[in-house]
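Novice: Let me give you the structure first, and then I'll get to my questions.
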Amino acid sequence: SQQGEEDPQALSIQEGENATMNCSYKTSINNLQWYRQNSGRGLVHLILIRSNEREKHSGRLRVTLDTSKKSSSLLITASRAADTASYFCATESDFGNEKLTFGTGTRLTIIP
Amino acid sequence: DAMVIQNPRYQVTQFGKPVTLSCSQTLNHNVMYWYQQKSSQAPKLLFHYYDKDFNNEADTPDNFQSRRPNTSFCFLDIRSPGLGDAAMYLCATSRFGGEEQYFGPGTRLTVT
């Protein structure tokens, strides 16, 4: 079964605004990761947050993790046209089974 | 630069004609993954290798096989492609299982 569900499925905002995407998952995890995918390309790792962490920053990205609610959010501040892409969360379960399970993704469009 | 390379980038094959996709990495990572991604969907893990140990997903069709002859290379063989196998195939690596994954650019497979 799909581990991660993301919302919204699609998001359009004006350049310069902040974008927030949410991810929910079902089972206990070791870590949660966010990836970006430009159309027709491979995925690019953005940030990894471990189950004992609550918040992490990387440049214009801020990720939060609430293990009690089994949810995470990705905030992109001061969005740019180049941020237009699909964003996926992915979780490693605490089974430690060497693999990630990807969420359904959010399609983000930044309007210049 | 260390990277994950996939060849070819685009592959057209006929219904039922075997096809092989290749992936190579210069990262010297232990784990290599193959994903199938259909339009507007999340990547779906087909199988992965931890070193030489092969791990097949329960719902991966028998039509899909994989080989990892050495650390650097991994191949995806589709023995008898059907129309439903048309997709983007993504190869990824990670140093250890469950950690950050590095993706190749993907191979877009078309079945005619």
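Chains as they are written, first to last, in my numbering: chain X, 1 to 112; chain S, 113 to 224. Just so you know, even glycine gets a beta-carbon here, dropped at the ideal spot from N, CA and C.
1) How would you call residue 121/S, buried or exposed, if buried means at least 16 neighbouring beta carbons within 10 angstroms?
2) Tell me which residue opens and which closes the beta strand (DSSP E) that residue 165/S is part of.
3) Residue range of the beta strand (DSSP E) that residue 208/S falls in?
4) With residue 21/X as the anchor, note down where its beta strand (DSSP E) starts and where it stops.
5) Could you check if residue 90/X is buried or exposed, using at least 16 other CB atoms within 10 Å of its CB as the buried criterion?
6) Our contact map puts residue 193/S next to residue 125/S with C-beta atoms below 8 Å; I'd like the distance itself, whole angstroms only.
7) Compare the Cα-Cα distances from residue 4/X to each of 41/X, 110/X, 105/X and 111/X and report the closest residue.
8) Would you grab the beta carbon distance between residue 128/S and residue 31/X for me? Rounded to a whole angstrom, and I think it's under 8 Å.
9) Can the beta-carbon of residue 15/X be found less than 8 Å from the beta-carbon of residue 80/X?
10) Taking a Cβ distance cut-off of 9 Å, strictly less, list which residues of the stretch 140-156 of chain S are near chain X, in chain order.
Specialist: According to the structure data:
1) exposed
2) 165-168
3) Per DSSP, residue 208/S belongs to no beta strand (DSSP E) and is neither H nor E.
4) 19-25
5) buried
6) 5 Å
7) Ranked by Cα distance from residue 4/X, the options 41/X, 110/X, 105/X and 111/X are led by 105/X.
8) So it is not a contact: roughly 41 Å between Cβ atoms.
9) yes
10) Cβ contacts with chain X come from 143, 145, 147, 149, 152, 153, 154, 155 and 156.
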